[in-house]
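Input: a single structure, listed below in structure tokens.
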Amino acid sequence: MKNSILLSLLLCSTSLYAQGTALVDQAKAAVIDSLKSRESTNKCAEFTRVAATDETKKPLAIATCDNTFVVANGLTFSDVKVVESESGKAVCGVFSGKTHISKIGARFVYVEKSNTVTIKPSKQPVMTSSAAGDFGRNQVKIENKQYDLVSTAHCQSPAN
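Structure representation (structure tokens):
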């Protein structure tokens, strides 16, 4: 009897582990897809070309080239956890990689129910670029606030 209970618990925990692993893999794929989408609109090459002939454009070129993950350079995921709440399951974690210029990291939240990912990079050179203007800075602030709201709603384990 004792052995069959242990076997049942083992099978159940293996199944739950497999479900959690599949969800984490889903989240990683969503992060990569989101980053590839952002990368495809990055104008690093254009800004670098313009900055080569116009010194005043160099700060914006640097900000642009150091703002976006280059997925082909690889990503490393860490501190990844599956959190279950009344609103469903979410995967929360951290990943790091490289831009065209340097290293970069970010936090992410993947919400299973809506199949959406929200990302908050550790650095945002566009924020400090004078060429970005108020619109660019406000956009970054809005994205950061969105991450904070999603993270608060989905990444905190429910209180017992």
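Residue numbers for the sequence shown, in mature numbering (1 follows the signal peptide of the UniProt record, and there is no 0): -18 to -1, 1 to 142. Beta carbons are placed, not taken as given, at the ideal position from N, Cα and C, and that holds for glycine.
Taken in chain order, the complete alpha helix (DSSP H) segments of 4 residues or longer contained in the region 44 to 129 are 107 to 110. Around the beta carbon of Asp61, a 10 Å sphere encloses fewer than 16 other beta carbons of the protein chains shown; the residue is thus reported as exposed. Within the same chain, and ignoring the five residues on either side of Asn24 in sequence, the residues whose Cβ sits closer than 6 Å to its Cβ are Thr50. Within its own chain, the residues whose Cβ lies closer than 8 Å to the Cβ of Phe29, once the five positions on either side in sequence are excluded, are Lys39, Leu42, Ala43, Thr46, Cys47, listed in chain order. In this structure, Val53 keeps its C-beta atom at 9 Å or more from the C-beta atom of Ile86.
Apart from sequence neighbours up to five positions away, the residues of its chain that approach Leu17 with a beta-carbon distance below 7 Å are Phe51, Val53, ordered along the chain. A residue is called buried once 16 or more other Cβ atoms fall within 10 Å of its Cβ, and Lys10 is buried on that count.
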